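When the letters of the sequence shown are read in order and numbered with full-length UniProt numbering, they come out as residues 1 to 207.
Don't be surprised by glycine CBs; every beta carbon is placed ideally from N, CA and C.
Bear in mind that the values here come from a model prediction, so they are computed numbers and not experimental data.
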Amino acid sequence: MTLFPFPWLTGCNLLLVWTVAKTGCRLQVVLRRKFVDEGRSGCPINLSLEVLGDRWSLLIIRDMMFGNRRHFRALLTQSEEGIASNILADRLQRLTQLGMITSAPDPRHKQRVLLSLTEPAIQLVPVLAHLGAWGRRHLPVTPELAIRAEVLELGGPALWERFMDELRELHLGLARPSGTPSVLAELTAAYLAEVEKMSDPGRSLTS
Numbered sequence: 001m002t003l004f005p006f007p008w009l010t011g012c013n014l015l016l017v018w019t020v021a022k023t024g025c026r027l028q029v030v031l032r033r034k035f036v037d038e039g040r041s042g043c044p045i046n047l048s049l050e051v052l053g054d055r056w057s058l059l060i061i062r063d064m065m066f067g068n069r070r071h072f073r074a075l076l077t078q079s080e081e082g083i084a085s086n087i088l089a090d091r092l093q094r095l096t097q098l099g100m101i102t103s104a105p106d107p108r109h110k111q112r113v114l115l116s117l118t119e120p121a122i123q124l125v126p127v128l129a130h131l132g133a134w135g136r137r138h139l140p141v142t143p144e145l146a147i148r149a150e151v152l153e154l155g156g157p158a159l160w161e162r163f164m165d166e167l168r169e170l171h172l173g174l175a176r177p178s179g180t181p182s183v184l185a186e187l188t189a190a191y192l193a194e195v196e197k198m199s200d201p202g203r204s205l206t207s
């Protein structure tokens, strides 16, 4: 049994996958050739779902983005949905193999592994923003867990671009424009304010 979600990601292609994980380069041409050769659908939505269609994979990326959870333990213990440790380990391995995240020793804690988003994962910010907006519009969300989606929806593409620049700085070490306000701090502050309202119903009625 192969460890890879796609049978052709073996042998010499392993180096290519590793390169993508490190650089964020796209495998568009290679993927197209392989899927055409195998008679598989080259639809971009289909191919995206083959990478991200699993619920837990997107939730892990969500938590790394919006919760700044970059260690296994944080992703496990702070999961709103209660992910199991074996599922988390499996999805982290899969996301790494697909070039969506990387792992390296944490320079601040040598015994821990620091997880980072790659450029393709960071570019999912607009996707998650639209998913959050759709969920707020059509599903019975809770206020404290929907507030970040609301901030992203109201902020629109300009806010998403700023957030992606911030994620590139945090995860890829690329400097963002100086003096740019932190979107992550704004999202976190909105979430904490909503949590405080929930813990003090009287305040929410008067605010």
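Going by beta-carbon coordinates alone, are residue i and residue j separated by less than 8 Å?
i: residue 215; j: S116; result: Not covered by the structure: residue 215. The range shown for the chain is 1 to 207.
i: P120; j: G99; result: yes
i: E144; j: V195; result: yes
i: E169; j: A175; result: yes
i: L187; j: V151; result: yes
i: L58; j: L49; result: no
i: W160; j: A185; result: no
i: L92; j: S85; result: no
i: R162; j: V141; result: no
Expressed to the nearest angstrom, what Euclidean distance is found between the alpha-carbon atoms of residue i and residue j?
i: L47; j: R70; result: 26 Å
i: F6; j: G132; result: Here the model assigns F6 a pLDDT of 46, short of 50, so the residue's position is not dependable, and the following value carries that caveat. Near 29 Å, if we compare the C-alpha coordinates of G132 and F6.
i: R112; j: D106; result: 6 Å
i: A104; j: G42; result: 33 Å
i: D200; j: A190; result: 15 Å
i: G155; j: I60; result: 23 Å
i: I122; j: R40; result: 27 Å
i: W56; j: P181; result: 30 Å
i: W134; j: F72; result: 29 Å
May I ask you to report which of helix, strand or coil DSSP gives residue i?
i: Q78; result: coil
i: T142; result: coil
i: D54; result: coil
i: D200; result: coil
i: P181; result: coil
i: H130; result: helix
i: R148; result: helix
i: L95; result: helix
i: R70; result: coil
i: R40; result: coil
Count the other CB atoms, across all protein chains shown, that sit within 10 Å of the CB of residue i; report buried if there are 16 or more and exposed otherwise.
i: M198; result: exposed
i: R137; result: exposed
i: A149; result: buried
i: E81; result: exposed
i: T118; result: buried
i: L192; result: exposed
i: L3; result: Any answer about L3 is weak, because its pLDDT of 38 lies below 50 and its placement is not dependable; what the coordinates show is given next. Exposed.
i: L139; result: exposed
i: A146; result: buried
i: H109; result: exposed
i: I45; result: exposed
How is the beta strand (DSSP E) around residue i delimited, first residue to last?
i: V113; result: H109 to L117
Let's see if you can read the secondary structure: which residues bound the alpha helix (DSSP H) around residue i?
i: T102; result: That residue, T102, is in no alpha helix (DSSP H); its beta strand (DSSP E) goes I101 to D106.
i: A84; result: First-last for A84: undefined, no H or E at that position.
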